[in-house]
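Peer 1: Chains as they are written, first to last, in our numbering: chain R, 2 to 125; chain S, 2 to 125.
Here a beta-carbon is modelled for each residue, glycine too, at the ideal position from N, C-alpha and C.
There are 2 protein chains.
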Amino acid sequence: MEDSPEQRLSRSFAALSDPVRRDIVARLTIGDATVSDLAAPYDISLQAVSKHLKVLEEAGLVSRRREAQRRPVHLESQALAEMTGWIERHQRRAEQRMARLEEVLADLPSSDTTGTSDTHGAGQ
Amino acid sequence: MEDSPEQRLSRSFAALSDPVRRDIVARLTIGDATVSDLAAPYDISLQAVSKHLKVLEEAGLVSRRREAQRRPVHLESQALAEMTGWIERHQRRAEQRMARLEEVLADLPSSDTTGTSDTHGAGQ
DNA sequence: CTTGTATTCAACCAATCGGTTGAATAAGGA
DNA sequence: TCCTTATTCAACCGATTGGTTGAATACAAG
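Here it is, written out as structure tokens:
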């Protein structure tokens, strides 16, 4: 029972939808850190932070190794890359479409250039 | 009571954590569409899709205009840009750090290049 | 072996989520 | 006016989420 790319993407986005987890990711860009290191800035329990890390790990955004009784957390930037991959792909499509649209509008007779109106004709 | 950038980011990521909503965004890169257009491919009720669109709208990822009794939905690619902004910023930091680390490792005497070990010395 | 430290597991709770169905609203057309 | 089409609102429901506290596990060090 392994993970479809769809599911991993869902988990990654869900993981970064929490400000504490985004904050943790930001912190990890500076360097690996233990659970207690990461928990220090927050008012929540260590267990809560541990849960957040589990969520990040299951999304593939971080990995953990063992080092004595500590469990240093490491950011997996490749998982971030997959997310930007998805977003940019769609962003690009949307922007290309808008560019084509504006080109067409520029060629038209005249009247108002107002309103972000659109073809929107079916498709599907 | 307006929206901090932090909150909008949370909402955007949460919005894209659902496969149906990602799918809708993908569909909208082709062109604006009505609620029923968007609902057609799915087995869920029209109301459920309407809710999904509300989530996307509150995240700033789509906007809606009125056109007779229809409410065509339009993708706001700029909101996607904000997301990639956040991710890439952190991705870049992480990768730069790794690059510096590898540089240092290359200069070291010898022994194992194994294990993604790390400085991880405090920080905070 | 006992103690201390770092972390996770387990059970619980309130809030949110994704879905449902049924009723309400908005607008065009007979 | 009445009917149809498009969409939203409202109430409800089970599952998931982010937090809690208390007990368990994994190691290191006396």
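Cutting at 6 Å between CB atoms, please list the residues of its own chain near T35 of chain S, excluding the five before and the five after it.
Peer 2: Result list for T35 of chain S: R71, P73, in chain order.
Peer 1: Between the C-alpha atoms of A27 of chain R and P20 of chain R, what's the straight-line distance to the nearest angstrom?
Peer 2: C-alpha separation (whole angstroms): 10 Å.
Peer 1: Could you give the first and the last residue of the continuous alpha helix (DSSP H) run that contains S46 of chain R?
Peer 2: Careful: S46 of chain R lies outside any alpha helix (DSSP H) and carries neither H nor E.
Peer 1: Could you please give me the residues that DSSP links to V63 of chain R through a beta bridge?
Peer 2: Per DSSP, R:L76.
Peer 1: With DSSP as the reference, identify every bridge partner of R28 of chain R, one or two as the case may be.
Peer 2: Per DSSP, none; premise fails for R28 of chain R.
Peer 1: Just verifying my parser: in three-state terms, what is the DSSP assignment at A107 of chain R?
Peer 2: The answer is helix: DSSP assigns A107 of chain R an H, G or I state.
Peer 1: For A34 of chain R, does the three-state DSSP call read helix, strand or coil?
Peer 2: It is a strand residue.
Peer 1: Within 8 Å (strictly less), CB to CB, does E89 of chain S reach chain R?
Peer 2: So, interface residue.
Peer 1: So is I88 of chain R buried or exposed if we call it buried at 16+ other beta carbons inside 10 Å?
Peer 2: Classification for I88 of chain R: buried.
Peer 1: Counting only Cβ pairs nearer than 8 Å, list the residues of chain R close to Q92 of chain S.
Peer 2: In chain order: S78, L81, A82, T85.
Peer 1: Does the contact criterion of 3 or more C-beta pairs under 8 Å hold for the stretch 8 to 18 of chain S versus the stretch 55 to 72 of chain S?
Peer 2: With a cut-off of 8 Å, the stretch 55 to 72 of chain S and the stretch 8 to 18 of chain S count as touching, because enough Cβ pairs lie within range.
Peer 1: Just reading off the alpha helix (DSSP H) that R12 of chain R is part of, what are its end residues?
Peer 2: Where R12 of chain R is concerned, the enclosing alpha helix (DSSP H) stretches over 6 to 17.
Peer 1: So, at 8 Å on beta carbons, what are the nonlocal neighbours of H53 of chain R in its own chain, with the 5 sequence-adjacent residues on each side left out?
Peer 2: Within the same chain, H53 of chain R has close Cβ partners D19, V21, R22, I25.
Peer 1: Of all the options R:S51, R:T30, R:I31, which has the alpha carbon lying nearest to the alpha carbon of S128 of chain R?
Peer 2: For residue 128 of chain R there is no data in the structure shown, the boundaries of chain R being 2 and 125.
Peer 1: With burial defined as no fewer than 16 other Cβ atoms inside 10 Å of the residue's Cβ, what is the status of D33 of chain R: buried or exposed?
Peer 2: Burial call: buried.
Peer 1: Count the other C-beta atoms from every protein chain shown that fall within 10 angstroms of the C-beta of G116 of chain R, then say buried if there are 16 or more, exposed otherwise.
Peer 2: Confidence in G116 of chain R is poor, its pLDDT being 40 and thus under 50, which makes the residue's placement unreliable; the coordinate value appears in the next sentence. So G116 of chain R ends up on the exposed side.
Peer 1: Let me see if you follow: with CB-CB separation under 8 Å, is L47 of chain S close to chain R or not?
Peer 2: No, because no Cβ of chain R sits closer than 8 Å to the Cβ of L47 of chain S.
Peer 1: Roughly how many angstroms separate the alpha carbons of S78 of chain S and E96 of chain R, rounded to a whole number?
Peer 2: Their backbone Cα atoms lie some 7 Å apart in a straight line.
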